[in-house]
Structure formats: structure tokens, C-alpha cells
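Here the sequence shown is numbered in the working numbering, starting from 140 and rising by one per residue. Heads up, the beta-carbon is just placed ideally off N, CA and C, and yes, glycines get one too. If you're wondering where the values come from, they're calculated on a predicted model, not measured in any experiment. Inspection log for the structure reproduced underneath, given as C-alpha cells.
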Amino acid sequence: MLTRRIPQKISTRGMFMKLVSNFIKPQWGVGSCSFFTSRPASYLQTACEVAFDTESRSVDEYADVDWDKLGFRLMETDYMYIMKCCQDDEFSHGHLNRYGNIELSPSAGVLNYAQGLFEGLKAYRKVNGNGFLIFRPEENARRMQIGSDRMCMPSPSVEQFVHAVKQTVLANKRWIPPPGKGSLYVRPLLMGSGPILGLAPASEYTFLVYAAPVGNYFKEGLAPINLVIQDESYRATPGGTGAVKTIANYSPVLKAQMQAKKKGFTDVLFLDAVDNKYLEEASSCNIFIRKNNVISTPMARGTILEGITRASIIEIARDFGYEVDERLVSVEDLTDADEVFCTGTAVVVAPVNSITYKGQRYKYNCGEDAVSRKLYKSLTDIQMGIAEDKKGWTVEID
């Protein structure tokens, strides 16, 4: 049974005055226009609905969810954050909307030419029950800016991105699982929402953030996974978009992934498209191998996504005294590796039990002494506020 202190609620009048105070403050964007001159009147109505709806519930009330049965699937929450701007302009302000469908032109750039990016990060309920933590959101914001440049789209500033994530988390805080039961997965989207017929950047762009409570990504939970190497199709090619988190990178892996799952594998590990011998990444996560005291991961050369979890694990592993090499990792390196594991926002750190290549199955250490388990615990302890964050990776939200 979870018991929590219920803080005193702010009065409806107090809530309204706070909203009005925020309403007239200068907002992010070009110049210093006030809320009244830069935002539609409907925003105040939406903001009041959000605030009063939040006030109507206990601050610490949980949504009606069986937290012990969370998987990695969509569960609709209460609110999403939306911000728009035109091509050759800058994002200036956004607001919370009720979670729901959005309207797009049939000729929207994202629908016709896949002009879209997404990010993924997680929010955790602090173990002491006071507030929430999000993990390295500034890095997601910077990665979206890199991707938006590649995809010819305007992008929110780092401050705007983090603000939107915070607002989305707070508006959906009753959906954040109890400590140790999961996390709130936050999905920022940037898309060409304006209509376009000829191949060109869209005229309008939408930045949208929604969230859903999640548990483990793989159905195996924290159990070791089994991969198969795909050497007939490729996730990315040199000069393409493999290094950015564009939506176009993901549907091409679905066929190989589905075929692998039909054969009993958890996921697919892809090779490079030039030599067909160097490891790149799995469908949605980076790969690491360990041999003795050396941990290796494929080097970033424009065809793999430089994951934020990947970067965090590299730093933690070095803190533990391991030598970490970012290099070309060949299929042959798998034959005598002691350990293999995957990393990603969704999977966190997933130990690999086996990898199958051309009918040959290679097995790896996944026991209690596995390095991946130590890395997983160190990372998640920081993310959940169990361990002191000496690196400044977490952002606290009250």
C-alpha cells in the first residue's frame, strides 16, 4: 500500500490568478511580446481547463493502471503539448491540449515526404515521492536540432524543448508509475504539418509532445534477449539519415524484425551497407560487446544513431575502469566476446543471450556477474534518484 502526504490544494481563485500572472508574462520567442498579443484567446481557456482539471484531483493521485502489468505499448494519457511555426521562422510559444487526434492536410510534408523527427526520453517518480526526474532532456533537444538541420526544418530551442517536456510530464503526473514499476515515456515529435505537393520543405511545422506510462521494452522483460544478424537488408547507408532520429529510419526495419520474431528471435542486428561485415545497431538500440576489460561499440560514422543512453553507458563504464573503444566492430568480434548488450532509452541496458549469424549461434555471459547488469543498475539508480547524480544528468520537476 502506497501512502503519501496530501499537500494543501491551492484555491480556485489562487489558481486562476497564477494563470493570469503567467498569461501576461513575456514569452519565449523573437522580441518580448506579451501573452495577450502573441497567443490565441483559446489558449487561456485551455490553460484554465488544464489547471482546474489538475486541481480537481489529489496531487498524488495515481491513474487507474495495473502497474505490475505495464509493457511497452501506448496508453492514452491526459494532455499533450503543441507548438507551431512557419518555414523560415522560429518557434515562439506552445500550450497544453487534451490528448487526442490532430488534424493534418492530406498533403502535409510529414505524410508525403516523411519530413519528421522524433525523440524519446523518460520521467521517473522520485523514490521519496517528492517530485519527478527526467534524464538528460537537453541532449534530446540538441539531437533534434541536429536532425532538423538535416531534414530542413526549424527546431525548438533547448529551453523550449525542455519546457515542453516538463509541462507534459506535470500535466500527466498521475500516469507516472510508482518507483520501481516503470516510467513515463515522453515522445517529442517535430513534423512538417503544412501542405506541400512538389518535393520541398513544408510551409508549417508542428512540435508535439505526448507521453505514456511504460514498463520493459522487450517482452522478455529484464531477461536476456536473442538477436539474429540481418545481412540482406540494411538499416542505413552512407550519406543517408541513419545518424539522425528521422521517422523514415524505422519502418524499413519492420519487415526484417517481423521475420526474426516469427523465428523466435527478439530483434535484428544490422550490418553496414558497404562491407556487409561491421556491426551497426539493432532495430531501435545501440550494441556493445565486451572482451575481458575492453568494451567496444560501433563508431559513429554517419550511419548509426548516437544514443543518449549509449553515451551515458560509455561514461559510466569508463568510471568503472573499463576501456571503451568506439571502433569498427566486425562480425568476427562476436565469436569470442565475453558479453554483448544493447542500450537505448526504451531498452535501457539489455543483456544479449545469443546472436545467430548464418545459422551459427554464439552465446554470451548474462549471469549475475555480467558487466551489463552493473551498468544497468548504475544508470537506473541515477535516473530514479536512488543514487546521487554527480554528473548533472537529471532534471528535477516539482
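Straight-line measurement puts the Cα of Thr345 at about 20 Å from the Cα of Glu215.
Look at Phe409 here: in three-state DSSP terms it is strand.
In this structure, DSSP gives Lys384 a state outside helix and strand, which the three-state scheme calls coil. Residue pairing of Leu256 in beta bridges, as defined by DSSP: Leu329 and Thr385.
Here Asn492 has Pro363, Asn365 and Cys505 as same chain residues with Cβ atoms under 6 Å from its own Cβ, once five neighbours each way along the sequence are excluded.
No Cβ-Cβ contact shorter than 8 Å links Val470 with Ile428. Taking the Cβ atoms as the reference, Tyr324 lies roughly 6 Å from Ala350, within the contact range of under 8 Å. Assignment of Asn492 by DSSP, reduced to helix, strand and coil, places it in the strand class. At the C-beta level, Val407 and Gln396 come within 8 Å of one another. Between the region 312–324 and the region 198–212 there are three or more inter-stretch CB-CB distances shorter than 8 Å, so the stretches are counted as touching. Listed in chain order, the non-local C-beta contacts of Gly483 below 7 Å within the same chain comprise Ser423, Cys424, Asn425, Gly446 and Thr448, local neighbours out to five positions each way being set aside. Counting along the chain, Asn504 sits inside no beta strand (DSSP E), nor does DSSP assign it H or E at all. For Asp458 and Val353, the gap between their C-alpha atoms comes out near 29 Å.
Boundaries of the beta strand (DSSP E) around His234: Gly233 to Arg237. Every beta strand (DSSP E) of 3 residues or more that sits fully in the region 387–470 is shown, in chain order, as 406–410, 418–421, 425–430, 433–437 and 462–466.
8 Å or more divides the Cβ of Ile452 from the Cβ of Gly381. Straight across, the Cα-Cα distance linking Met283 with Glu298 is about 13 Å. Approximately 7 Å separates the beta-carbon atoms of Asn251 and Ile335; this is inside 8 Å, confirming the contact. Secondary-structure assignment with DSSP links Thr474 through no beta bridge to anything. By a beta-carbon distance limit of 8 Å, Ala303 contacts Pro295. Their separation comes to about 7 Å. In chain order, Ala395 place their CB closer than 6 Å to the CB of Ser372, counting only its own chain and leaving out the 5 sequence neighbours on each side. The beta carbon of Asn415 sits closer than 6 Å to those of Asp370, all from its chain and outside the five residues before and after it, given in chain order.
In the three-state reduction of the DSSP assignment, Ser287 falls in the helix class. Residue environment for Val510: buried (at least 16 other C-beta atoms within 10 angstroms of its C-beta). In this structure, Ala280 lies away from Ser322, with their beta-carbon atoms at least 8 Å apart.
Out of Thr533, Ile494, Thr474 and Ala450, the CA that lies nearest to the CA of Leu514 is found in Ala450. Asp228 has its alpha-carbon roughly 47 Å from the corresponding atom of Val433. At the C-beta level, Met219 and Val348 come within 8 Å of one another. Apart from sequence neighbours up to five positions away, the residues of its chain that approach Leu410 with a beta-carbon distance below 8 Å are Ile368, Gln369, Asp370, Tyr373, Lys416, Tyr417, Leu418, Glu419 and Val470, ordered along the chain. Going by DSSP, Val534 is part of the beta strand (DSSP E) stretching over Thr533 to Ile536.
Leu366 sits in a strand when the DSSP states are folded into three classes.
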